[in-house]
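Beneath this line is the structure, given in structure tokens, with notes to follow.
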Amino acid sequence: MSYERFAYVYDYLMQDVPYDGWLEYVNQQAADYSVQGRRVLDIACGTGELSLRLARNGYDVTGVDLSQDMLTIAREKASAQNVQLRLFQQDMSKLDSLGEYDIVTIFCDSLNYLEEESDVINTFNGVHSHLKKDGLFLFDVHSIFKMTQIFMNQTFTLTDEDVSYIWECFPGECSNSVEHELTFFVKEDETGQYERVEELHKQRTYPILMLKEWITNNGFELLNITADFTGESPTDQSERIFFACKKK
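Structural data, given as structure tokens:
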């Protein structure tokens, strides 16, 4: 599948993802905690949708992603929109030599793709080393409720003329983990036939208390924990948990 086709499929499936909500969250946290600088490191930036929004809102943005394909698409978008982005391919658990930033973000439950506790801890260490003193670290994760009650053993489907999928969720090997088996059917422009693409995504989440411990043990002050873009504290049925932290 070409980069252009891949970009279309990915962004088509992600068109309802609340990128504007994350932008608003970053702006609000930066205002609430009087962050003066505008340098942002957007980790797991994907095809650049949030990075581009941040840049258009006056931030100086560097994006990092594990996927070179995603970065290629992000680079093409930035060029087409005449937006300046610096983009690097790195594993978030092995961040290296990217400079210092006023804000570091990891959104869209990207942290849940780390399957080992040590990788999460290493990511927090790497973020700490790339933040200026008093800089903000903002991230979100799936809640345990979402992993165990919404995803687990469920099947989701989408049928559309150009793109369809079957998304099946199974218990993972670790506690509070899920394996997502996705089968896409993508209509080819030239032939009108459908290409079948299969992917396996593994996600794992952790109790809030465990994440709080790792945050504070790795040089951060925990500022607040909220849920589902509401600004309110999590409940036992919250789906997305937000953490705002400051480098000590």
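Per my numbering, the sequence shown starts with residue 941, numbered consecutively. Cβ coordinates follow ideal geometry from the N, Cα and C atoms, glycine included.
Going along the chain, which residues of its own chain have a beta-carbon closer than 7 angstroms to the beta-carbon of residue i, five neighbours each way excluded?
i	result
residue 1064	1154, 1155 and 1158
residue 958	1169
residue 979	1000, 1041 and 1042
residue 1172	1166
residue 1036	1030
residue 961	1169
residue 1108	1095 and 1121
residue 1163	973, 1184, 1185 and 1186
Check the DSSP bridge columns for residue i and list the partner residues they point to.
i	result
residue 1164	1184
residue 1090	None; residue 1090 has no bridge partner.
residue 1111	1118
residue 1138	1123
residue 1178	Residue 1178 is not bridged to any residue.
residue 1105	1098 and 1124
Assign residue i to buried or exposed, taking buried as 16 or more other Cβ atoms, counted over all protein chains shown, within 10 Å of its Cβ.
i	result
residue 1187	buried
residue 984	buried
residue 994	buried
residue 1146	buried
residue 1100	exposed
I need the straight-line Cα distance from residue i to residue j, nearest angstrom please.
i	j	result
residue 1185	residue 1122	34 angstroms
residue 1115	residue 1054	13 angstroms
residue 1024	residue 1003	11 angstroms
residue 1008	residue 989	15 angstroms
residue 971	residue 1072	17 angstroms
residue 931	residue 966	There is simply no residue 931 to check, as the chain begins at 941 and stops at 1188 in what is shown.
residue 943	residue 1022	With a pLDDT of 46 at residue 943, under the threshold of 50, the predicted position of this residue should be treated as unreliable, though the coordinate-derived value follows. Going by the C-alpha atoms only, they are around 19 angstroms apart.
residue 973	residue 1079	16 angstroms
residue 1081	residue 975	23 angstroms
residue 1151	residue 1084	12 angstroms
Spatial neighbours of residue i within its chain, please: CB distance less than 6 angstroms, with the 5 preceding and 5 following residues excluded, ordered by chain position.
i	result
residue 1119	1110, 1112 and 1142
**Asked** Which whole runs of the beta strand (DSSP E) in the region 967–1031 are 3 residues long or more, in chain order?
**Response** 979–983, 1000–1005 and 1026–1029
**Prompt:** Where are the alpha helix (DSSP H) runs, 4 residues long or more, that stay fully inside the region 1058–1091, in chain order?
**Reply:** none
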